[in-house]
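> Just dropping this structure here.
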Amino acid sequence: MKKMLLGVSILSTLAFGASNPGDSISQATSGTAAVGVPMEVRVEILPASDKLVLVDENNKLIDKLIFDHGKLVKGAAITDSTVEKIVKLKRADGQALGNYKVTFKAKNSSGTQVNMTTPLKLEPHGASSGTAIESNLKYRENKITLTGDEKEVETKVQSIIEATKLNAAEVGLYIGSGTFEAEVTNS
48 MKKMLLGVSI LSTLAFGASN PGDSISQATS GTAAVGVPME VRVEILPASD KLVLVDENNK
108 LIDKLIFDHG KLVKGAAITD STVEKIVKLK RADGQALGNY KVTFKAKNSS GTQVNMTTPL
168 KLEPHGASSG TAIESNLKYR ENKITLTGDE KEVETKVQSI IEATKLNAAE VGLYIGSGTF
228 EAEVTNS
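Quick look at the structure:
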């Protein structure tokens, strides 16, 4: 029983020591103040093929396109919060895409296209009881005609939440989900 309590105590201490926020800065006057976050390094190598893939600006495959606006203090937003990502359509083997047309689309979880005129709704989660916050998504929406030589097609994707909406929101976590797609057609 004592070993179990000691183990739980050590795990609790480690968990709190590695979380954010850390120590008070006043602790530095009599010793050390510290803060830490968990860290992990990983890589997965996949086979090359003619399959279409979406990659980031570093040519890393995108598993999930996450626009993390971070933790914001209620009422403290001075400007709109903008998070930007680069998304590139490629073939996994790096060869030219061919003579096709490409269209990028963002869709909410119901399949409705979202953009600057139809925002993505971020619903409150956990303890929050607020109403949804809207995020406008800005990206290349027009059909892009390829000449046959291009090995990739790129778009900048921005998630923009207006400062007034951030300041009016209730305290809590807000999440909106859907898909970001690239469609390739011959017409």
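Numbers 48 to 234, taken from the numbering used here, label the letters of the sequence shown in order.
Where a beta carbon is used, it is the ideal one built from N, C-alpha and C, also for glycine.
The alpha helix (DSSP H) that contains N214, what's its start and end?
Residues 210-215.
> What did DSSP end up calling I125 once you bin it into helix, strand or coil?
Here I125 sits in coil by DSSP.
> Nearest-angstrom Cα distance between E230 and I72?
52 angstroms
> For the beta strand (DSSP E) containing N18, list its first residue and its last residue.
This structure does not reach residue 18, given that the chain is present from 48 up to 234, and the question cannot be answered.
> Excluding the five sequence neighbours on either side, which residues of its own chain have a C-beta within less than 8 angstroms of the C-beta of T194, listed in chain order?
Same-chain partners within the cutoff: N146.
> Under DSSP, the beta strand (DSSP E) around H172 begins and ends at which residues?
167-172
> Short of 7 angstroms in beta carbon distance, which residues of its chain neighbour S143, apart from the five on each side in sequence? Order them along the chain.
Sequence inspection shows Ala at residue 143; the Ser mentioned does not correspond to that position. Leaving aside the five residues that flank A143 on each side, the residues in its chain whose CB is nearer than 7 angstroms to its CB run, in chain order, G195, D196, E197, K198.
> Would you check if the distance between the CB atom of A224 and the CB atom of F114 is smaller than 8 angstroms?
Checking the displayed sequence, the identity of residue 224 turns out to be Ser instead of Ala. Result no, Cβ atoms of S224 and F114 do not sit closer than 8 angstroms.
> Near Y186, which residues of its chain fall below 6 angstroms by C-beta distance, leaving aside the five closest residues on each side in sequence?
F151, T202, V204
> Once DSSP output is grouped into helix, strand and coil, what is the label at I133?
Residue state, collapsed to three classes: strand.
> What residue from S77, S157, G219 has the CA that sits closest to G177's CA?
G219
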